[in-house]
Amino acid sequence: MTEKTLNLAAIDIGSNAARLLIKSLSEEKDGIHFSKLLFLRIPLRLGMDVFSSGKISDEKKSHFVHTMQAFAHLMKAYNVQCYKACATSAMREAKNNREVLELARQKSKLKIELISGEEESRIIYENHLNLLQLKGHFLFVDVGGGSTEIALMMDGIKIANASYNVGAIRLLKENADGEELKKMEKELREITQECSNLTIIGSGGNIGKIYRIVSKSRKDDDVIPIETLEKFYQKIHKMEIEERMRLYDLKSDRADVIEPAAKIFLRIAKCSGAKQILVPNLGLTDGLISELGRKYFQKGGDLF
């Protein structure tokens, strides 16, 4: 019999899309349970503006505000009692981010927090206990539209982490800083040179989609061998966007960024010596929900 139920929501405003996740947290006799009630992804593509002009255009601003209003209405419909909304790379860099976030707050009543790349990485992996139980060397890699977050873990303990302005939309728009790429590769070689049998833990919508495309079944422990990723990259690299959409049933906002995202993972694998990518189902919204739930019980059942 359920004793307590709490509906929690998380909003992730990324460089390519905004995501809303609503889960029900229940405290039962056999422990704590999370049940997904709703997941919604809206391709705002803020990075297309920000990484070209440095600001969010009026058109994107309007789309963003309407999206936040829609998210707020859905949260009310699902009786959400607590939420956290975070914005990452594109919103961080937008010259007019304060104006945009304030307008969204006025129209939707949602408070949105700008978080650093390092904080984004922490939220994702620290709130997935299964990752903290892994033995050996693992390189957590989250490739987004505007940035890539990396954390090196040994036996579940973080020993190094960094955030780089290297993302799928930046590469797509050819606005990636060459020096930033070189810095990422140099630092990766340095921190992983003593690591043996290193495995990448991949996060982000693109690597999840790649896994679903290249995997013949779900019986392979959610792993993509690097050689499989290389073959996939070489194949889609030669394709037009429309062909990728048709062949792999991709939406346009995924079909264009999936190639540069694969390229980033391949460069990281080459620099670190990793031979495979583990692709668990995790993301910023999942991490935010887990963090909210943990805080709820740490405070004795009071989040407010």
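In the UniProt record's numbering, the protein residues as written are 1 to 304.
The beta-carbon is built from N, C-alpha and C at its ideal position, and this holds for glycine as well.
Secondary structure remark: continuous alpha helix (DSSP H) runs of at least 4 residues inside the segment 98-138, in chain order: 117-126, 129-132. With a contact defined as Cβ atoms closer than 8 Å, Arg41 and Ala17 qualify at about 5 Å.
Every alpha helix (DSSP H) of 4 residues or more that sits fully in the segment 182-265 is shown, in chain order, as 205-214, 226-237, 241-248, 252-255. For Asp49, the enclosing alpha helix (DSSP H) has its first and last residue at 46-53.
Cβ-Cβ distances below 7 Å link Ile123 to Leu284, Gly287, Leu288, Glu291 in the same chain, with the five nearest sequence neighbours on each side left out; the list follows chain order. Here Ser121 has Phe140, Asp142, Glu149, Ile150, Ala151, Asn161, Ser163 as same chain residues with Cβ atoms under 8 Å from its own Cβ, once five neighbours each way along the sequence are excluded. Per the C-alpha coordinates, the member of Leu247, Ala9, Ile277 positioned closest to Asp221 is Ile277. Looking from the CA of Leu6, the closest CA among Lys36, Gly146, Arg212, Asp12 belongs to Lys36. Judged by DSSP in its simplified three-state form, Gln276 adopts strand. By DSSP's assignment, Arg41 forms a beta bridge with Arg19.
Straight-line measurement puts the Cα of Val257 at about 19 Å from the Cα of Ile56. For Glu59, no beta strand (DSSP E) run applies; the uninterrupted alpha helix (DSSP H) run containing it begins and ends at 58-77, by DSSP.
Ile115 is positioned such that its CB atom lies no closer than 9 Å to that of Arg105. Leu282 sits in coil when the DSSP states are folded into three classes, being neither helix nor strand.
Apart from the 5 residues on each side of it in sequence, Ile241 sits with its Cβ closer than 6 Å to the Cβ of Ala255, Asp256 in its chain, given in chain order. Between the alpha carbons of Ile264 and Lys23 lies a distance of about 31 Å. Annotation: the continuous beta strand (DSSP E) that includes Glu149 extends over 148-154. Taking the Cα positions, Val166 is about 40 Å away from Glu27. In the DSSP assignment, the residues bridged to Leu8 are Lys23, Cys82. Nearest Cα to Lys235 within the set Pro260, Asp253, Val223, Ser203: Pro260.
Inter-residue distance for Leu266 and Gly47 is about 22 Å (C-alpha atoms, whole angstroms). The beta carbon of Tyr248 sits closer than 6 Å to the beta carbons of Ile213 from its chain, once the five residues preceding and following it are set aside; these are given in chain order. Looking only at Lys209, Pro280, Cys271, Leu229, the smallest Cα-Cα distance to Met245 is reached by Lys209.
For Ala90, the enclosing alpha helix (DSSP H) covers residues 89-93. DSSP, reduced to helix, strand and coil, places Lys158 within a strand of the structure shown. Around the C-beta of Glu194, fewer than 16 other C-beta atoms lie within 10 Å, and the residue is accordingly described as exposed.
Less than 9 Å divides the Cβ of Gly14 from the Cβ of Gly145. Residue state for Lys270 is assigned as helix, using DSSP reduced to three classes. When the five nearest sequence neighbours on each side are left out, the beta carbons in the same chain lying within less than 6 Å of the beta carbon of Tyr211 are those of Ile224, Val279, in order along the chain.
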